[in-house]
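To start, the structure under review is shown below, and the notes come after it.
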Amino acid sequence: MSIITRYSFRRALYSLRHIRCYSEIPDREKPVKFTTSEAASWRAEFSRRGNIYDDTPDAQPFIVSISTGIFLYYFLVWREESDIDENFNIGRNIYDRVEDLEEVQLKLYRQESLNKGKDVRDIDVRLHELERIRLEKKGDVGSI
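Every letter in the sequence shown is one number past the one before it in numbering that gives the first Met the number 0, and letter 50, counting from 1, is 49.
Next comes the structure, spelled out in structure tokens:
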């Protein structure tokens, strides 16, 4: 078969299918009778629930809840702390974890307080303490 013959044959089949599809469509000028349409058998709960064929087991919510509870109980109550927990050390102050953070924040707060005309003596005292601590650490490092 040549290409032209195959193309003509396919085109003829397509047009036959196309005509058949449109011949099955009811007249669009007339109203659709609800009781004979597919909408009559559709229940409103199907729209709210989605998939009407729910195949999840009835016990699934209980199993998931119990498993989650046991998991949380283990990690929050039974488990002993390890050296990995010490690395995270959530109880530590953020100023202990980030070097010079407190000093930087105090300097910014001091500048803001000066601009607003507030008393900065307490801030200066803490800045001097931090400076003294930093110098002591440098002195200890030099003696090692």
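The beta carbon of each residue, even a glycine, is placed where N, CA and C say it ideally should be.
- Residue 56 sits in coil when the DSSP states are folded into three classes, being neither helix nor strand.
- For the 8 Å CB-CB criterion, residue 131 and residue 119 do not form a contact.
- A straight-line Cα-Cα distance of about 14 Å links residue 60 and residue 69.
- Residue 129 has its alpha-carbon roughly 10 Å from the corresponding atom of residue 135.
- A direct Cα-Cα distance of roughly 7 Å separates residue 122 from residue 105.
- The C-alpha of residue 38 is placed about 12 Å away from the C-alpha of residue 46.
- Closest option to residue 124, judged by alpha-carbon separation, among 116, 91, 102 and 137: 102.
- In this chain, the alpha helix (DSSP H) harbouring residue 86 covers 82-87.
- The shortest CA-to-CA distance from residue 133 to any of 64, 54, 85 and 100 is the one to 100.
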